[in-house]
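Participant: Residue numbers (full-length UniProt numbering): 1 to 313. In this text, a Cβ means the ideal position worked out from N, Cα and C, and glycines have one as well. The structure follows.
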């Protein structure tokens with residue numbers, strides 16, 4: 001079964017153009033990957049467009065052309081590998097893009113368990129060369145696949161889907177626990193680690209091991225991240241709101257929210273609101289023009305605010 005294209009073509013300004021296509025993988029693969037997307041950017045005269053990603057699950061990116069510059073957290077950006085893997089993040093990923101086509105494959109925690117040989121904790125808030133690191137050996141052939149000449153995006157997406165399908169039936173020990181934990185983390189009614197453990201029927205030490213191994217962070221940090229992302233998503237889609245209105249109900253006060261914002265994004269909410277976001281702003285602008293539906297905070301940032309099923313030029 002070929003993946004279905006569900007989002008395409010977002011134009012950006014007059015200085016550079018951006019085309020984002022989201023492909024829905026076969027149902028057998030969907031519990032394991034957040035999204036497959038193709039990202040075409042055309043920047044004249046060697047221009048580099050800079051933006052930042054919000055905290056997200058692990059992702060693999062395959063570049064055709066010059067790979068992105070990037071840094072997780074503070075420090076200078078550096079040129080990334082053509083097959084680069086970012087582990088689960090609780091810090092923003094700053095990046096710079098020049099003319100290129102980039103294929104992205106977001107990895108759910110259950111996908112980490114099924115396909116990746118290593119603990120997510122060891123890759124948290126890091127980027128690594130996916131060809132050089134043996135943990136990602138299964139996916140290394142995808143780099144050659146996306147470089148096939150004269151292959152359009154639909155054909156490449158179908159080939160990626162076909163490459164992944166034979167591995168979909170791999171057995172995961174504890175898959176039901178991983179999926180249940182993932183669902184509970186997304187539930188806004190789960191306010192603390194005690195609630196999470198009770199929902200899962202899991203002792204604290206067992207929960208800690210599960211989250212570190214497959215989600216990359218302790219359960220307390222994962223819950224903090226989710227309430228932060230819910231707040232940020234509300235603000236991004238309704239910029240006329242102030243931050244107080246966008247804050248998740250789990251925050252005690254604005255000071256707590258500001259502390260979280262600094263922790264996850266290395267800036268204050270006001271600094272973020274005033275800063276340029278050339279790529280995300282245009283994706284959100286198109287989404288709002290189409291329908292303005294609530295974002296799925298589990299998607300990669302680049303697609304979190306894109307409208308499933310719409311096309312625009």
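Could you check where the beta strand (DSSP E) with residue 221 kicks off and where it finishes?
Facilitator: Residue 221 sits at position 221 when you count from the first residue of the chain shown. Premise fails: residue 221 lies in the alpha helix (DSSP H), 219-237, not in any beta strand (DSSP E).
Participant: Does the beta-carbon of residue 20 have 16 or more other beta-carbons within 10 angstroms, so that it is buried, or is it exposed?
Facilitator: Within the chain shown, the letter at position 20 stands for residue 20. Per the 10 Å Cβ criterion, buried.
Participant: So if DSSP puts residue 129 in a beta bridge, which residue, or which two residues, is it bridged to?
Facilitator: Taking the first residue of the chain shown as position 1, residue 129 is located at position 129. Per DSSP, 84.
Participant: Please report the straight-line C-alpha distance between residue 162 and residue 274, rounded to a whole angstrom.
Facilitator: Within the chain shown, residue 162 is the residue found at index 162, counting from 1. Within the chain shown, residue 274 is the residue found at index 274, counting from 1. Answer to the nearest angstrom: the Cα atoms are 43 Å apart.
Participant: If you drop the 5 nearest sequence neighbours on each side, which residues of the same chain put their C-beta closer than 8 Å to that of residue 227?
Facilitator: By one-based count along the chain shown, residue 227 stands at place 227. 188, 248, 250, 251, 260.
Participant: Contact defined as beta carbons within less than 8 Å: I believe residue 55 pairs with residue 92. What is the distance between those atoms, to the nearest angstrom?
Facilitator: Sequence index remark: in the chain shown, residue 55 carries index 55 (1-based). Sequence index remark: in the chain shown, residue 92 carries index 92 (1-based). Contact between residue 55 and residue 92 holds, since their C-beta atoms are separated by about 7 Å, short of 8 Å.
Participant: Are the CB atoms of residue 43 and residue 94 nearer to each other than 9 Å?
Facilitator: Position 43 of the chain shown holds residue 43. Position 94 of the chain shown holds residue 94. Their beta carbons are not under 9 Å apart, which means residue 43 does not touch residue 94 by this criterion.
Participant: What are the boundary residues of the beta strand (DSSP E) that residue 72 is part of?
Facilitator: Walking along the chain shown from the start, residue 72 turns up at place 72. In the DSSP annotation of this structure, the continuous segment of the beta strand (DSSP E) that includes residue 72 starts and ends at 69-72.
Participant: Counting Cβ pairs, one atom from each stretch, are 3 or more of them under 8 Å apart for the segment 24-35 and the segment 68-80?
Facilitator: no
Participant: From the DSSP output, which residues share a beta bridge with residue 51?
Facilitator: For the purposes of this step, residue 51 is identified with residue 51 of the chain shown, where counting begins at 1. According to DSSP, which records beta bridges pairwise, residue 51 is partnered with 95.
Participant: Residue 265 by DSSP, collapsed to three states: which one?
Facilitator: In the chain shown, residue 265 corresponds to position 265, counting from 1. Helix, per DSSP.
Participant: For a test of the three-state rule: what should DSSP assign to residue 16, helix, strand or coil?
Facilitator: Start at 1 with the first residue of the chain shown, and residue 16 comes out as number 16. Coil, per DSSP.
Participant: When burial is assigned at 16 or more other CB atoms within 10 Å of the CB, is residue 27 buried or exposed?
Facilitator: In the chain shown, residue 27 corresponds to position 27, counting from 1. It counts as exposed.
Participant: Applying the 10 Å Cβ sphere with the 16-neighbour rule, what's the burial state of residue 63?
Facilitator: To locate residue 63, count along the chain shown from 1; it is residue 63. Residue 63 comes out buried.
Participant: With a Cβ-Cβ cutoff of 9 Å, do residue 89 and residue 125 count as a contact?
Facilitator: Taking the chain shown and counting its residues from 1, one reaches residue 89 at position 89. Taking the chain shown and counting its residues from 1, one reaches residue 125 at position 125. Yes.
Participant: Across which residues does DSSP place residue 63 in a beta bridge pair?
Facilitator: Taking the chain shown and counting its residues from 1, one reaches residue 63 at position 63. Paired residues: 102.
Participant: Can you tell me which of 57, 100, 143 puts its alpha carbon nearest to the alpha carbon of residue 84?
Facilitator: Mapped onto the chain shown, residue 84 falls at position 84. The option with the nearest alpha carbon to residue 84 is 143.
Participant: Apart from the five residues on each side of it in sequence, which residues of its chain come closer than 7 Å, Cβ to Cβ, to residue 215?
Facilitator: In the chain shown, residue 215 corresponds to position 215, counting from 1. 88, 109, 120, 222.
Participant: Could you please give the first and the last residue of the uninterrupted beta strand (DSSP E) stretch that includes residue 39?
Facilitator: The residue labelled residue 39 in the question sits at position 39 within the chain shown. Its beta strand (DSSP E) spans residues 33-42.
Participant: Considering only residues of the segment 115-159, which uninterrupted alpha helix (DSSP H) runs meet the minimum length of 4 residues and lie entirely inside it, listed in chain order?
Facilitator: 141-146
Participant: Alpha carbon to alpha carbon, what distance is there between residue 276 and residue 116?
Facilitator: Position 116 of the chain shown, counted from the start, is the residue given in the question as residue 116. Position 276 of the chain shown, counted from the start, is the residue given in the question as residue 276. Each residue's Cα considered, the two are about 35 Å apart.
Participant: Going by C-alpha to C-alpha distance, which of 82, 180, 265, 111 sits closest to residue 145?
Facilitator: For the purposes of this step, residue 145 is identified with residue 145 of the chain shown, where counting begins at 1. Checked all of 82, 180, 265, 111; the closest Cα to residue 145 is 82.
Participant: Please return the same chain residues whose Cβ sits closer than 7 Å to the Cβ of residue 339, not counting the five positions on each side in sequence.
Facilitator: Since the displayed the chain opens at 1 and closes at 313, residue 339 lies outside it and no answer follows.
Participant: Using 8 Å as the threshold, is the segment 203-218 in touch with the segment 161-181, meaning 3 or more CB pairs across them?
Facilitator: yes
Participant: Near residue 39, which residues of its chain fall below 6 Å by C-beta distance, leaving aside the five closest residues on each side in sequence?
Facilitator: For the purposes of this step, residue 39 is taken as the residue at position 39 of the chain shown. Excluding positions up to five away in sequence, the list reads 20, 102.
Participant: With DSSP as the reference, label residue 164 as helix, strand or coil.
Facilitator: The residue labelled residue 164 in the question sits at position 164 within the chain shown. Residue 164: helix per DSSP, three-state reduction.
Participant: Once the 5 residues before and after residue 271 are set aside, which same chain residues still bring their CB inside 7 Å of it?
Facilitator: Along the chain shown, read from residue 1 onward, the residue named residue 271 stands at position 271. Contacts found: none.
Participant: Report all residues from its chain with a CB closer than 7 Å to the CB of residue 46; omit the five preceding and five following residues, and keep chain order.
Facilitator: One-based indexing of the chain shown puts residue 46 at position 46. 98.
Participant: Mark residue 291 as exposed unless 16 or more other C-beta atoms lie within 10 angstroms of its C-beta, in which case mark it buried.
Facilitator: For the purposes of this step, residue 291 is taken as the residue at position 291 of the chain shown. Reliability fails at residue 291, whose pLDDT of 41 lies under 50, so the model's placement of it is uncertain and no value is given.
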